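Peer 1: Dropping the structure in here first, questions after.
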Amino acid sequence: MLTRRRFSTALGALAAVGAPALRAQGERIVLGQSAPFTGPAAQLGIQFNRGAKLFFEQANAQGGVGKRPIELVNLDDGYEPDRCAANTRKLIDDDAFALFGYIGTPTSVAALPLATAAKVPFFGPFTGAMALRQPFNRYAFHIRASYNDETALIVKQLTSLGLKKIAVFHQNDAYGKAGLDGVVLALGALNMKPVALATVERNSVDVAGAVKTLVAAAPDAIVQIGAYKACAAFIRAAQKAGYGGTFYNVSFVGTQALADELGKDGAGVVVSQVMPSPYNAARPIAREFVDAVKKAGADYQANFSSMEGYLAAKVMVEGLRRAGAKPGRESLITGLESLG
0 MLTRRRFSTA LGALAAVGAP ALRAQGERIV LGQSAPFTGP AAQLGIQFNR
50 GAKLFFEQAN AQGGVGKRPI ELVNLDDGYE PDRCAANTRK LIDDDAFALF
100 GYIGTPTSVA ALPLATAAKV PFFGPFTGAM ALRQPFNRYA FHIRASYNDE
150 TALIVKQLTS LGLKKIAVFH QNDAYGKAGL DGVVLALGAL NMKPVALATV
200 ERNSVDVAGA VKTLVAAAPD AIVQIGAYKA CAAFIRAAQK AGYGGTFYNV
250 SFVGTQALAD ELGKDGAGVV VSQVMPSPYN AARPIAREFV DAVKKAGADY
300 QANFSSMEGY LAAKVMVEGL RRAGAKPGRE SLITGLESLG
């Protein structure tokens, strides 16, 4: 069964394609997105956005929703909360029907109260932070697992392999804290705790202090809760300092972006996933997505981040279709809730 906190279990079964109804957008359904399109987290926003637009373009080619085309308006926030909040106010003031596909915890945490106050649905943020799930918010819809769920499985995997000395390298903000909390919770259930902690500032690759702290602790594994550039910088520097243990990253890091940053230095680095693999042709949704990417041309790439954007758009379109002939924000909420 689908829940308000996570739709992902039924994504593959969907079809391929509070305010007055679309009051200021005429025949368009305008969705607003604030995401990083520049800076150290840019590839996350770019790839998610391309995946989402790929599905919206397919839906529009088939008549949109009720003969209304879907338009995704995106603004760059550089993965900075203040810029994201300003973008969100602009999108709401410009009468975006819903907010869609925000990237990151600190940015989404800044945006959700604004969306809630304006009674605008906030759909499919690229984050697993519990702060966006608890307390329950009827305007927030998630398609990905929480960081608590994700890090619990990472800890289970590590401990099942006999790796008991676990350290955490995390971003020094709401995202890093959310991931750290998940690791601490999972270890606590096993009467364990991290052997060492170290941080990096958001949008920074200054990891020297973190490397010194964590390498000195000689952990069996390091769980990384950060963006891809900082995590790549940490991996390289730790290896250079003689660390030979395992690196585990949560899915937000962006598998393709991290692999591109590391190149040959990425051998053995692990990234957990909360989306269906675009590389598993046995899954119908993966075949659908990869076929769409191939038809779209060289600007599109099949990876986990673009797959998540594609699936988020897919669920949004289904919610819009269930919202009725003249969808409003409240009927969109009802439509999304009807998914389970």
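Per numbering that gives the first Met the number 0, residue 0 is the first one in the sequence shown, and the count goes up by one each step.
Positions of the beta carbon are idealized from the N, C-alpha and C atoms, including for glycine.
Bear in mind the structure is a predicted one, so any value in this text is a computation, not a measurement.
1. Just the C-alpha distance for Arg-5 and Leu-111, rounded to the nearest angstrom, thanks.
2. Please state the DSSP three-state secondary structure of Arg-88.
3. Report whether the distance from the Cβ of Asp-298 to the nearest heavy atom of the ligand FAD is below 7 Å.
4. For Phe-168, count neighbouring Cβ atoms within 10 angstroms of its own Cβ and tell me buried if that reaches 16, exposed if not.
5. Just the C-alpha distance for Pro-275 and Pro-124, rounded to the nearest angstrom, thanks.
6. Please name the residue or residues paired with Ile-221 in a DSSP beta bridge.
7. Among Met-306, Phe-99, Asp-205, Ala-236, which one has its Cα closest to the Cα of Val-214?
8. How should Thr-106 be labelled, buried or exposed, when 16 other C-beta atoms within 10 angstroms of its C-beta is the threshold for buried?
9. Out of Thr-150, Ala-195, Asn-202, which one is the CA nearest neighbour of Gly-181?
10. Comparing alpha-carbon positions, which option in Ala-324, Ser-203, Thr-254 lies nearest Ala-229?
11. Is it the case that the Cβ atoms of Glu-74 and Asn-59 are separated by a distance below 8 Å?
12. Please state if the CB of Thr-104 and the CB of Ala-40 are separated by a distance shorter than 8 Å.
13. Terminal residues of the continuous alpha helix (DSSP H) containing Asn-59?
14. Classify Ala-23: buried if its beta carbon has 16 or more other beta carbons within 10 angstroms, exposed otherwise.
15. For Pro-68, which residues of its own chain have a beta-carbon under 8 Å away from its beta-carbon, when the five flanking residues on both sides are left out?
16. Do Glu-307 and Gly-127 come within 8 Å of each other at the CB atom, strictly closer than that value?
17. Please identify the residue among Phe-99, Leu-196, Gly-161 whose C-alpha is closest to the C-alpha of Ala-312.
18. Is it true that the CB of Ala-256 sits closer than 8 Å to the CB of Gln-351?
Peer 2: Put simply:
1. The residue labelled residue 5 in the question sits at position 6 within the sequence shown. The residue labelled residue 111 in the question sits at position 112 within the sequence shown. Confidence in Arg-5 is poor, its pLDDT being 44 and thus under 50, which makes the residue's placement unreliable; the coordinate value appears in the next sentence. Going from the Cα of Arg-5 to the Cα of Leu-111 covers about 17 Å.
2. Looking up residue 88 in the sequence shown gives position 89. In the structure shown, Arg-88 sits in a helix (DSSP, three-state: H, G or I).
3. Among the components modelled here there is no ligand, and therefore nothing to report on the ligand FAD.
4. The count along the sequence shown starts at 1 and reaches residue 168 at position 169. Counting Cβ neighbours within 10 Å, Phe-168 comes out buried, since at least 16 surround it.
5. Here residue 275 refers to the residue found at position 276 of the sequence shown. Here residue 124 refers to the residue found at position 125 of the sequence shown. Per the coordinates, the alpha-carbon of Pro-275 lies some 17 Å from the alpha-carbon of Pro-124.
6. The sequence position of residue 221 within the sequence shown is 222, counting from 1. In DSSP, Ile-221 forms a bridge with Ala-166, Phe-246.
7. On the sequence shown, position 215 is the one that residue 214 refers to. Measuring from the Cα of Val-214, the nearest candidate turns out to be Ala-236.
8. Reading the sequence shown from its first residue, position 107 is the one you call residue 106. Counting of Cβ neighbours within 10 angstroms places Thr-106 among the buried residues, the total reaching 16 or more.
9. Numbered from 1 along the sequence shown, position 182 holds the residue referred to as residue 181. The residue among Thr-150, Ala-195, Asn-202 with its C-alpha nearest the C-alpha of Gly-181 is Thr-150.
10. Sequence index remark: in the sequence shown, residue 229 carries index 230 (1-based). The shortest C-alpha separation from Ala-229 is found at Ser-203.
11. Within the sequence shown, the letter at position 75 stands for residue 74. Within the sequence shown, the letter at position 60 stands for residue 59. Sequence check: residue 74 is Leu here, not Glu. Taking 8 Å as the Cβ cut-off, Leu-74 and Asn-59 do not qualify as a contacting pair.
12. Here residue 40 refers to the residue found at position 41 of the sequence shown. Here residue 104 refers to the residue found at position 105 of the sequence shown. In this structure, Thr-104 does not lie closer than 8 Å to Ala-40 by Cβ.
13. Counting from one through the sequence shown, the residue named residue 59 turns up at place 60. Where Asn-59 is concerned, the enclosing alpha helix (DSSP H) starts and stops at 41-60.
14. The sequence position of residue 23 within the sequence shown is 24, counting from 1. With a pLDDT of 40 at Ala-23, under the threshold of 50, the modelled position of this residue cannot be trusted; read the value that follows with caution. Taking a 10 Å sphere around the C-beta of Ala-23, we find fewer than 16 other C-beta atoms and assign the residue as exposed.
15. Along the sequence shown, read from residue 1 onward, the residue named residue 68 stands at position 69. Glu-26, Arg-27, Ile-28, Asn-59, listed in sequence order.
16. Locating residue 127 in the sequence shown gives position 128, where the first residue counts as 1. Locating residue 307 in the sequence shown gives position 308, where the first residue counts as 1. Result no, Cβ atoms of Gly-127 and Glu-307 do not sit closer than 8 Å.
17. Here the question's residue 312 lines up with position 313 in the sequence shown. Checked all of Phe-99, Leu-196, Gly-161; the closest Cα to Ala-312 is Phe-99.
18. Since the first and last residues shown for the chain are 0 and 339, residue 351 lies out of range.
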